[in-house]
Amino acid sequence: MPRALRHLVPLGLLAAPLLAGAQAPSSAAPKVIPAAAVTPADRWWEEGVVYQVYPRSFQDSDGNGVGDLRGITQRLDYLKTLGINAIWISPFFPSPMRDFGYDVADYTGVDSTFGTLADFDALAKAAHARGIRVILDFVANHSSDQHPWFKESRSSRTNPKRDWYIWRDPAPGGGPPNNWLSVFGGSGWTRDSTTGQYYFHQFLKEQPDLNWRNPELQKAMLAAMRFWLDRGADGFRLDAFPHFVEDSLFRDNPVNPNWRPGSGEYDSLQAVHTTHQPGTLDVLCQMRRVANSYQARDGRSRLLIGEVYASPQQLNVYYGKNGCGAQLPSNFGLLGAPWKSDVIWQRIDDYMRALPAGRWPNWVLGNHDNPRLATRLGPDAARAAAVLLLTLPGTPTIYYGDELGMRNVPIPPDRVQDPAEKQQPGLGLGRDPERTPMQWTGSAPNGGFTTGTPWLPVASDVDSVNVAREQRDSASTLALYERLLKLRKTEPALARGSFRLLPRQGDVVAFLREDGSRGRYLTLVNVGTTATTYAPAAGDRLTRGGKRRGTIVAGTRGRRGDRVTAADIALEPNEGVVIRLK
Ligand code: NOJ
Numbered sequence: 068m069p070r071a072l073r074h075l076v077p078l079g080l081l082a083a084p085l086l087a088g089a090q091a092p093s094s095a096a097p098k099v100i101p102a103a104a105v106t107p108a109d110r111w112w113e114e115g116v117v118y119q120v121y122p123r124s125f126q127d128s129d130g131n132g133v134g135d136l137r138g139i140t141q142r143l144d145y146l147k148t149l150g151i152n153a154i155w156i157s158p159f160f161p162s163p164m165r166d167f168g169y170d171v172a173d174y175t176g177v178d179s180t181f182g183t184l185a186d187f188d189a190l191a192k193a194a195h196a197r198g199i200r201v202i203l204d205f206v207a208n209h210s211s212d213q214h215p216w217f218k219e220s221r222s223s224r225t226n227p228k229r230d231w232y233i234w235r236d237p238a239p240g241g242g243p244p245n246n247w248l249s250v251f252g253g254s255g256w257t258r259d260s261t262t263g264q265y266y267f268h269q270f271l272k273e274q275p276d277l278n279w280r281n282p283e284l285q286k287a288m289l290a291a292m293r294f295w296l297d298r299g300a301d302g303f304r305l306d307a308f309p310h311f312v313e314d315s316l317f318r319d320n321p322v323n324p325n326w327r328p329g330s331g332e333y334d335s336l337q338a339v340h341t342t343h344q345p346g347t348l349d350v351l352c353q354m355r356r357v358a359n360s361y362q363a364r365d366g367r368s369r370l371l372i373g374e375v376y377a378s379p380q381q382l383n384v385y386y387g388k389n390g391c392g393a394q395l396p397s398n399f400g401l402l403g404a405p406w407k408s409d410v411i412w413q414r415i416d417d418y419m420r421a422l423p424a425g426r427w428p429n430w431v432l433g434n435h436d437n438p439r440l441a442t443r444l445g446p447d448a449a450r451a452a453a454v455l456l457l458t459l460p461g462t463p464t465i466y467y468g469d470e471l472g473m474r475n476v477p478i479p480p481d482r483v484q485d486p487a488e489k490q491q492p493g494l495g496l497g498r499d500p501e502r503t504p505m506q507w508t509g510s511a512p513n514g515g516f517t518t519g520t521p522w523l524p525v526a527s528d529v530d531s532v533n534v535a536r537e538q539r540d541s542a543s544t545l546a547l548y549e550r551l552l553k554l555r556k557t558e559p560a561l562a563r564g565s566f567r568l569l570p571r572q573g574d575v576v577a578f579l580r581e582d583g584s585r586g587r588y589l590t591l592v593n594v595g596t597t598a599t600t601y602a603p604a605a606g607d608r609l610t611r612g613g614k615r616r617g618t619i620v621a622g623t624r625g626r627r628g629d630r631v632t633a634a635d636i637a638l639e640p641n642e643g644v645v646i647r648l649k
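To convert, take the position in the sequence shown, counting from 1, and add 67; that gives my numbering.
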């Protein structure tokens, strides 16, 4: 389970299905997912690959030590060469940066740290010219307490914007209205001395929750979405949307009997009255209607990605009825998974089985809230995980720098920035280590990220783990990503082919992607730390008499071009291969 924001997982919802699934026998017949029809031109994201840019850390163009929009524009050619189709940019809106942009003080501007609206326009134009779509991060659960709306709201009980936020009287005996907690620790309620009432905040006290039950607030937020769509945004990643709506009766959250001190106070309660409430899907549906209204104009769909840590069953709800939800509710199943073959196999199977017919899958292995892939799994397993990520069916998301094998960077106490660490020090909840500067080169100061002092330290392995070096090394992690991304583009079987998860053999997770006569691919990943062999089960269509042969077209160990007999394939520890079958 993700460490930092694991508190965003409604415990009752996630733990039960996934753990139960992990114990199921691996021989259960996996579901076969049929090949998807040819992509309608408007659904570019189905064959696309999303790349998450954390703008503070990608490229600094003005030497102030913090990345910016011009910096991203300067690096678009790198992203084009890498072969991704869309960038999702974490928030760059005006913000006091208490939560590094996830506290928005103006939904229709650009923070001066990151540039100007003109810089955004230039970025969108340059990205589109390269065939790269631009997805913005829409932080709609809460604003900053410095947003003019909140300043008005807190000014008096009768202010017209009072109801744009969530205000309650103190409990009868004094103190917070109920036991709801903040994700970052402590009560979710803060008393405001101006009126003596409490306001609710699911995150920091500087991030008051917006009241999505208020029609005027709804209108204002949807107008902000239109503002960016009018400027060329291709969609939104919807931050923390399961938190949008709270219980209208303000009932206490029940105690979590499984909570252990040391894992973050938020987990001590089950957030059943503060997440996944009735009404959440209605908000998503309103957002989707806005997105669809742009598609109706020019035929190009605008993508909504929903940030949701939940069981497959729960996240499927957010595809919405009749498509009135997010196109891609994020699938974090593998992000939090221990690197064990039974768990990995089961999570893939659970997710694919639960996927509603006609809905498009997606996979996430890293983001700005969780330890780096190469730190969680180790460098070799991280490469094998890339083989999974980029050959499973559906839209993958790559977190910036994971394509290089970037690792968490230890942050000295005096350089800690993240409120998650500052509010609950020592629990390992801080997210700075996975947010450090992109490693462009070993031959310039600060890895080529900035000429100033970087806001977080640059990794000490920058001399070996960097874009410039890895572009010259055909055995590098970057070369592996580029190869896999190219295959997805050229091979319809990998982009839209059918999917069959094969019975697990020991530590090997295996699946088949097929597109009629246009190709059959077998992915094999040895999730174990000892060498092994994979032999398709008798009767499996792979073997056809035990003689079927194939060619490795991508792999973690540089065996490209090797011919293999699909009846018995040797795999090194943590090796992943993609085999084109004849
Ligand atoms: C989820 C974001 O990914 C995280 O970084 C942020 O702290 C919270 N939402 C609050 O916006």
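Where a beta carbon is used, it is the ideal one built from N, C-alpha and C, also for glycine.
In this structure, the straight-line span from the alpha carbon of Thr503 to that of Ala487 is close to 16 Å. In this structure the segment 433-440 does not lie against the segment 616-623, because fewer than three pairs of beta carbons, one per stretch, are closer than 8 Å.
Distance from the C-beta of Phe270 to the nearest heavy atom of the ligand NOJ is below 6 Å.
Tyr588 sits away from Ala562, with the two beta carbons spaced by 7 Å or more.
Its Cα nearest to that of Val525, the residue Asn513 stands out among Tyr333, Pro309, Trp256 and Asn513. In the structure shown, the three-state DSSP call for Asn429 is strand.
In the structure shown, Gln572 falls within a strand segment according to DSSP collapsed to helix, strand and coil. Here the C-alpha atom of Gln119 lies approximately 10 Å from the C-alpha atom of Val201. For the pair Leu568 and Ala637, the Cα-to-Cα distance works out to about 19 Å. The segment 295-303 makes contact with the segment 201-212, as at least three CB pairs between them are under 8 Å. If you look at Arg536, you'll find it isn't in any beta strand (DSSP E); it sits in the alpha helix (DSSP H) that goes Val534 to Gln538.
Between Leu591 and Val532, the C-beta spacing is not below 7 Å.
Rounded to whole angstroms, the separation of the alpha carbons of Ala194 and Gly176 is 19 Å. Beta-carbon to beta-carbon, Trp216 and Gln394 are separated by about 29 Å, too far to satisfy the 8 Å threshold. Between Pro463 and Leu471, the beta carbon gap of about 16 Å keeps them out of contact (Cβ cut-off 8 Å). About 22 Å separates the Cβ atoms of Gln264 and Val250, ruling out a contact at the 8 Å cut-off. Residues of the same chain with a CB within less than 8 Å of the CB of Pro321, apart from the 5 flanking positions on each side, are Leu336, Gln337 and Val339 in chain order. Pro463 is bridged by DSSP to Trp430. A direct Cα-to-Cα measurement between Ser510 and His343 gives close to 48 Å. Our two residues, Ser543 and Arg624, have alpha carbons roughly 10 Å apart in a direct line. The three-state secondary structure of Asn593, taken from DSSP, is strand. Judged by DSSP in its simplified three-state form, Phe399 adopts coil rather than helix or strand. Taking each of Glu114, Val117, Arg110 and Ser124 in turn and checking the Cα distance to Gly519, the smallest one comes out for Ser124.
The three-state reading of DSSP puts Thr632 in strand, counting E and B together.
The segment 275-360 contains, as complete alpha helix (DSSP H) runs of 4+ residues, the segments 282-297 (chain order). The straight-line gap separating the alpha-carbon atoms of Leu455 and Val575 is approximately 12 Å. Between Asn281 and Trp231 a beta carbon distance of about 6 Å is seen, short of the 8 Å cut, so the two are scored as contacting. For Asp188 and Arg142, the gap between their C-alpha atoms comes out near 16 Å. With a cutoff of 7 Å on beta-carbon distance, Ser162 and Ala172 are scored as near each other. Distance check between Arg165 and each of Ala196, Ile151 and His214 places His214 closest, using alpha-carbon atoms only.
Check the Cα spacing between Phe294 and each of Pro460, Phe160, Leu551 and Thr596: the tightest is with Phe160. If you compare the alpha carbons of Thr442, Ile478 and Asp469 with that of Gly497, the shortest gap goes to Ile478.
Relative to Asn359, the option among Gln381, Leu289 and Pro423 whose CA is nearest is Leu289.
In chain order, Trp406 and Ala452 place their CB closer than 7 Å to the CB of Leu444, counting only its own chain and leaving out the 5 sequence neighbours on each side.
The DSSP assignment places complete alpha helix (DSSP H) segments of no fewer than 4 residues inside the segment 451-527 at 486-490, in order along the chain. Secondary-structure assignment with DSSP links Arg414 through no beta bridge to anything.
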